[in-house]
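Undergrad: The structure follows.
Rendered as structure tokens:
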């Protein structure tokens, strides 16, 4: 198990170049966000080229070269897909291209969204069927490729443990699991004790992680709250929130998880640039200690 960071968090800390930020913050693994044009941020912009297309053999080779020169691992590719889109084929094909690129990079997992945009307009059973169908097609079209898909517990439907459990069971593929976000079930409004129970339920299904934390007033930690209740006010640095991340890491380790703990500290907007960078260094060190003692 090791520590990584999302590219967007590095940029949120004020760095203009991703490789520079990773080096300064002390991270040697990164999750890259893949846009719909198949591009990701370059680690070392060359001749003003700040993004590289992972569906281009030449540009993908350049990304690999940059990662090797910096001794940085691209530990995950991240998609903001929408299985509720009118053009379902475009979403599936984008995911297939991303999985193929991940394989070429030696990246073991692609983070994907469940159903997001338009989800209130779908009944639960219809949403489940839609997501299961899309995932099955992606897995079939990438059969033989040793890259996993990690559904993040993200948004309303994605933070429903029954929805996630149904999808995992219905697809029933060893390549499908979760990008288990440590803060999102709590953001969803579940009481803290239920959050831990959900972690225990899904620990064996984890393919990837996002690490964040929230510090709610003590009197509401065990009450069910509305989705996203005052998140901007209470989101915290990862080592300062209510969620016991040592318990989270221990559950993952006991379940056999050995990949990254990916920092997604969404509290940065509350701090100065210098404080943001200090918090990300502190967060890395905090998680490294947890890995050692878990």
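Residue numbers (the working numbering): 85 to 378. Virtual Cβ for every residue (Gly too), placed ideally from N, Cα, C. Everything numeric in this text was worked out from a predicted model, so none of it was measured.
1. Using the C-alpha atoms, what's the distance from residue 145 back to residue 190?
2. Given residue 269, which residues of its chain have a CB within under 7 Å of its CB, disregarding the five upstream and five downstream residues?
3. Please name the residue in 206, 129, 123 and 147 whose C-alpha comes closest to that of residue 181.
4. Does the Cβ-Cβ distance between residue 332 and residue 266 come in under 9 Å?
5. Excluding the 5 residues preceding and the 5 following residue 287 in the sequence, name in chain order all residues of the same chain whose CB lies nearer than 6 Å to its CB.
6. Do you know offhand how far residue 197's Cα is from residue 290's?
7. When we look at the beta-carbon of residue 150 and count the other beta-carbons within 10 Å, is it buried (16 or more) or exposed?
8. Would you call the stretch 300–313 in contact with the stretch 351–366, where contact means no fewer than 3 C-beta pairs closer than 8 Å?
9. Considering only residues of the stretch 208–257, which uninterrupted alpha helix (DSSP H) runs meet the minimum length of 4 residues and lie entirely inside it, listed in chain order?
10. Tell me the residue span of the alpha helix (DSSP H) that contains residue 366.
11. Between residue 317 and chain B, is there a C-beta pair that is closer than 9 Å?
12. Taking only heavy atoms of the ligand NAP into account, decide whether any of them is closer than 8 Å to the Cβ of residue 327.
13. Span of the alpha helix (DSSP H) holding residue 108?
14. In this structure, does DSSP put residue 201 in helix, strand or coil?
15. For residue 369, count the other beta carbons within 10 Å of its own beta carbon; 16 or more makes it buried, fewer makes it exposed. Which is it?
16. Mind reading off the beta-carbon distance from residue 176 to residue 226? Whole number of angstroms is fine, and I expect it under 8 Å.
TA: Working from what's here:
1. Answer to the nearest angstrom: the Cα atoms are 12 Å apart.
2. Cβ neighbours of residue 269 within its own chain (closer than 7 Å, five residues either side excluded): 237, 243, 279 and 282.
3. For residue 181, the nearest C-alpha among the options comes from 123.
4. Closer than 9 Å, so yes.
5. Result list for residue 287: 335, 336 and 339, in chain order.
6. Here the alpha carbon of residue 197 sits roughly 14 Å from the alpha carbon of residue 290.
7. Buried, because 16 or more other Cβ atoms sit within 10 Å of the Cβ of residue 150.
8. The answer is no - the stretch 351–366 does not touch the stretch 300–313, with fewer than three Cβ pairs under 8 Å.
9. Counting only runs of 4+ residues, the alpha helix (DSSP H) found wholly inside the stretch 208–257 occupies 208–225, 239–242 and 245–255, in chain order.
10. In this chain, the alpha helix (DSSP H) harbouring residue 366 covers 357–377.
11. Among the protein chains of the structure shown there is no chain B, as only one such chain exists.
12. For the structure depicted, the ligand NAP is absent and the ligand set is empty, with no information on it obtainable.
13. Per DSSP, the continuous alpha helix (DSSP H) segment holding residue 108 begins and ends at 102–109.
14. If DSSP states are grouped into helix, strand and coil, residue 201 belongs with coil.
15. Looking at its Cβ environment, which holds fewer than 16 other Cβ atoms inside 10 Å, residue 369 is exposed.
16. 10 Å between Cβ atoms; not a contact.
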